[in-house]
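Read the sequence shown against our numbering and you will find it ends at 1612, with the numbers running on by one and no gaps. Working notes for the structure below.
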Amino acid sequence: MPEVKLWTPPLDKPDSGHDLEKRKKENVAHVPFSHLFDLDFFQASLSSACPRIKFIPHANDLYTVPSTQNPHSLDPGSLLEDKLNQPFESLLAYPETWAGNFTIWLNESQPDFSAEKPVRVTIQPSLLQWPLNYDEPQFVAHFGRLVRPTLEIRTLASTVLYSLSRHFNLNVDPEQGIQAHKFYGAHLRTSSDATAAGWTPFETQTKNYLQAAKHNHLSLIYLVSASDHDIQRFTLHAQNYTSHPITVTTARSLLSLLPSALKSYNYLSPAQRSLIDYEVLLKSTIFGGTLESSFSWSVAMRRHVVWGNGTWVPQLDDFTWDRGKSHTDKNQGSTGGPVGGYGGGGFQSFRDGAGGTGKEGEGEGMQGPGGYGLSVVFGNAWHGQEWERGLWP
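This is the structure we're talking about:
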């Protein structure tokens, strides 16, 4: 096996969130790895697991090997023409042949490469291409743990959770994972780009989340939204939703109780703040998101992984399993399969894995008629299956 060298591009680290906002729109994604994630932890963890991988701190460190100056871009999906049928059309049908096809591609496109004349390959983003059921559950459960937010982001997330627990008397145990009877986490994805694309509207998302919180007897919602206006609208709806108003809070409002922490928060870029929200949402008793959002799916997938024994629960053997075969009444809930089914009128993305038989109005995270499960990504059940099978946690 040839030696693999991995370059984590540092680029120019933004001096502040304001500087990051000034970047051109098409370049916003090109930020240093360390702007969001713990680079030292990533390198140490990956090196321990894969000692043949060598890290290259900067592209300038390749000045002695001119053959690497012009990288060769590769769409990983281009090596395999066979894809699955709808709704899994983006997923590779035979991922086991990918490594061999990559070797063929490399030798045909760069026949003269060698240890003295290496080549540089840039892998394009591969969202929803590699099916989770190809690898062992333990690997799926832990691979994403190689990447964790920076210490600053994790510290602020802990501060938000501490303020949430203290201000609302929740008694959240920071050493525990998901805890019952604490708070509902909601991701309200209503920015201008989502509206322009025709994604689930504000009114529908709001109804979904408030209904779920009420059904599960959770009177506190931790809300994530990029729109201050929609946060205000959502809060007003929550106050008037039931005879017992639902309280809505956000990271900013919780940190306003701690001026020094709020100052640090305001200094961060929107992308960094979203990671704080991500960490807090992982701790919510029940999480609700919307089908079109990869952020919502990422939270749900990770929460599914951390439940119980910390492993990912595999799909049924039949990769094209249709929820409708298990239960056709969306108002009664699906009773079969480790994931999938309907609950409370919304798309039930994940169950809690406990095999519960909760009835209408009974407890958080219970399976069965009317149950909402651990996380719910609301939307079309058919289209949601592609995310379930291909978004790595």
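The beta-carbon is built from N, C-alpha and C at its ideal position, and this holds for glycine as well.
Beta-carbon proximity of residue i to residue j, cut-off 8 Å
i     : j     : result
L1429 : H1456 : yes
W1317 : L1298 : yes
P1615 : L1383 : Examination of residue 1615 is not possible in this model, given that the chain is present from 1220 through 1612 alone.
L1495 : A1376 : Contrary to the premise, residue 1495 reads as Ile rather than Leu in this sequence. Yes, these two residues count as a Cβ contact at 8 Å.
S1594 : F1514 : no
Y1486 : A1470 : no
P1314 : P1356 : no
S1286 : K1336 : yes
S1493 : T1369 : no
L1477 : T1378 : yes
F1402 : T1504 : yes
E1511 : T1419 : yes
N1390 : R1608 : no
Counted within 10 angstroms of its Cβ, other Cβ atoms place residue i as buried (16 or more) or exposed
i     : result
H1400 : exposed
P1290 : exposed
R1385 : exposed
D1331 : exposed
G1417 : exposed
L1437 : buried
N1435 : buried
N1279 : exposed
Q1604 : buried
H1523 : buried
T1425 : buried
N1489 : It should be pointed out that residue 1489 corresponds to Pro in this sequence rather than to Asn. The residue in question, P1489, is exposed, as its Cβ has fewer than 16 Cβ neighbours within 10 Å.
Q1343 : exposed
F1597 : buried
E1308 : exposed
N1326 : exposed
Q1491 : buried
S1444 : buried
G1396 : exposed
G1319 : exposed
A1405 : buried
Y1282 : exposed
A1431 : buried
N1427 : buried
A1415 : exposed
A1413 : buried
Contact set for residue i: own chain, Cβ-Cβ below 8 Å, skip 5 residues either direction
i     : result
S1267 : none
D1238 : Below a pLDDT of 50, predicted positions are generally treated as unreliable, and D1238, at 44, falls in that range; the measurement from the model is reported next regardless. The answer is none, since no qualifying residue turns up.
H1463 : S1438
P1612 : V1359, A1360, G1363, S1517, M1520, R1521, H1523, V1524, W1531
V1175 : The question about residue 1175 has no answer, for the chain in this structure spans 1220 to 1612.
K1433 : Y1460, T1461, I1465
Q1398 : V1391, D1392, K1502, T1504
F1387 : F1402, L1439, T1466, T1468
DSSP three-state assignment for residue i, whether helix, strand or coil
i     : result
A1405 : strand
F1261 : helix
S1594 : strand
F1274 : strand
P1356 : helix
F1321 : helix
L1610 : coil
P1344 : coil
G1603 : helix
S1297 : helix
S1512 : coil
Q1400 : In the sequence under discussion, the amino acid at residue 1400 is His, which differs from the Gln named in the question. Of the three classes helix, strand and coil, the one that applies to H1400 here is coil, per DSSP.
L1311 : strand
F1332 : coil
S1292 : strand
G1387 : According to the sequence displayed, residue 1387 carries Phe and not Gly. In the structure shown, F1387 sits in coil (DSSP, three-state: anything other than H, G, I, E or B).
P1285 : helix
Same chain only: Cβ atoms within 7 Å of residue i, ignoring 5 sequence neighbours per side
i     : result
D1449 : L1407, T1409, F1421
L1303 : L1310, A1312
V1366 : F1256, F1261
I1372 : Q1491, L1494, I1495
H1446 : It is worth fixing the name first, because residue 1446 is Ser in this sequence and not His. Correct list, in chain order: T1409, S1410.
Cut-off 6 Å between Cβ atoms - residues of its own chain near residue i, not counting five sequence neighbours on either side
i     : result
S1472 : none
G1216 : Because the chain spans 1220 through 1612 in this model, residue 1216 falls outside it and cannot be assessed.
P1454 : Residue identity differs from the one stated: residue 1454 is Thr in this sequence, not Pro. Contacts found: V1467.
L1474 : A1480, L1481, Y1484
Q1458 : P1464
V1340 : H1291, L1293
L1258 : F1252
Practice task
Let me know the beta strand (DSSP E) ranges lying completely inside the segment 1424-1476, each 3 residues or longer, listed in chain order.
Solution key: 1439-1443, 1466-1468
Problem - Sequence ranges, beta strand (DSSP E) only - wholly within the segment 1474-1507, length at least 3 - result: Counting whole runs of 3 or more residues, the segment 1474-1507 contains no beta strand (DSSP E) stretch at all.
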